[in-house]
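With the first letter of the sequence shown counted as 1, position 187 gets the number 187 in UniProt numbering; the numbers rise by one all the way through.
Just so it is clear, CB atoms sit at the ideal spot from N, CA and C, and this is done for glycine as well.
From a predicted model like this one, the values you see are computed outputs, not experimental measurements.
What follows is one structure encoded as structure tokens, with my remarks underneath.
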Amino acid sequence: MAQTQAYPPGGTFFDNAKRSFANVPINNSKDNAIATTEFLEAAESLTRLFDVLGSVAFKPVSNDMTGNIKKVRDRQLQAPMESESLQELVQNELKTKKHVATEGLVWLTRGLDFTAQALRKNLTNPNEELSVSFRDAYGNTLKQFHGMLIKPIFSAAMSATPYRKDFYAKLGDDQTRVNKELGDWLTALEERVNILKEFLGRKENKW
1 MAQTQAYPPG
11 GTFFDNAKRS
21 FANVPINNSK
31 DNAIATTEFL
41 EAAESLTRLF
51 DVLGSVAFKP
61 VSNDMTGNIK
71 KVRDRQLQAP
81 MESESLQELV
91 QNELKTKKHV
101 ATEGLVWLTR
111 GLDFTAQALR
121 KNLTNPNEEL
131 SVSFRDAYGN
141 TLKQFHGMLI
151 KPIFSAAMSA
161 TPYRKDFYAK
171 LGDDQTRVNK
181 ELGDWLTALE
191 ERVNILKEFL
201 GRKENKW
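Printed below as a string of structure tokens:
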């Protein structure tokens, strides 16, 4: 997978994404309700970035995110009318005294936050290697929630990131365009992650 071209001729990685986070609706009149279907599609598109990173060490990171996407989608398929937004999905699942999808969303949000922080730090610091950005982001996000068995696996992934120049080259030929599209994509991702962190942090959404 790492050898395949991540973008169409003359384009960027983001041209191939099924959905950008910028195209995930937020209903400001309903407590910033985030559309479930579109959010999961955008999250699935994000997991392809780990293929671009190219190391088998990132497989656990990708698998973890994919597994949590599945938990949320399973609940959506089980109760579609109660799951149009992520917030509705959580509130309605918790009413049933279950929290499989809610827990999945918590971990998915953490994984997205980790990815967003790593790439934002790297984009903002053009002389910093990916391994530094990812390691710092891991320390700020997922590390505090991981046990002794999981930490070494993720730490190995942080050290196995490709060189910065190789990674960005895989995102597109036109680096000015790559930087702009990555920045726009991150801004949309960060907005939705912050909404979910605030929502999931509320006392009534704990189990």
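Query: Cα-Cα separation, Ala169 to Gly11; Result: 12 Å
Query: Alpha carbon of Lys180 to alpha carbon of Thr141, nearest angstrom; Result: 25 Å
Query: Chain-order list of residues whose beta-carbon lies under 7 Å from that of Ile69 (same chain, five-residue window excluded); Result: Leu40, Ala43, Glu44, Leu108
Query: Where Arg202 falls, given that 16 or more other Cβ within 10 Å makes a residue buried; Result: exposed
Query: Every unbroken alpha helix (DSSP H) within the stretch 41–116, with a cutoff of 4 residues, ordered by chain; Result: 59–78, 86–95
Query: Cβ-based burial, Asp113 [other Cβ within 10 Å; buried from 16]; Result: buried
Query: Proximity below 9 Å, CB of Pro115 to CB of Gln76; Result: Note that residue 115 corresponds to Thr in the displayed sequence, not to Pro. In this structure, Gln76 does not lie closer than 9 Å to Thr115 by Cβ.
Query: Buried versus exposed call for Thr161 [16 or more other C-beta atoms within 10 Å across all chains shown]; Result: buried
Query: 8 Å CB neighbourhood of Asn125 in its chain, flanking five on each side removed; Result: Ser133
Query: Rounded separation between Gly172 and Arg164 - CA only; Result: 13 Å
Query: Coarse secondary structure for Ile153, derived from DSSP in three states; Result: helix
Query: For Thr176 and residue 225, the rounded distance between their alpha carbons; Result: No answer is possible for residue 225: the residues shown for the chain start at 1 and end at 207.
Query: Bridge-paired residues (DSSP) for Thr12; Result: Gly172
Query: Residue burial classification, Phe58 (beta-carbon count within 10 angstroms, cutoff 16); Result: buried
Query: Ala35 in three-state terms, based on DSSP; Result: strand
Query: Beta-bridge partners of Ile26, as assigned by DSSP; Result: Ile34
Query: Residues near Leu182 in its chain [Cβ-Cβ closer than 8 Å; skip 5 each side]; Result: Phe14, Leu119, Leu123, Leu171
Query: Per-residue burial, Met1 [other beta carbons within 10 Å of its own, 16 or more giving buried]; Result: Residue placement at Met1 is flagged as unreliable, the pLDDT there being 39, under the threshold of 50; a coordinate-derived value is accordingly withheld.
Query: Beta-carbon proximity list for Trp207, same chain, < 7 Å, skipping 5 on both sides; Result: Leu94, His99, Thr102
Query: CB contact flag (Leu189, Leu86, <9 Å); Result: no
Query: Anticipated Cβ contact below 8 Å, Ala137 with Lys151, distance rounded; Result: Actually they are not in contact, since the Cβ atoms of Ala137 and Lys151 sit about 14 Å apart, beyond 8 Å.
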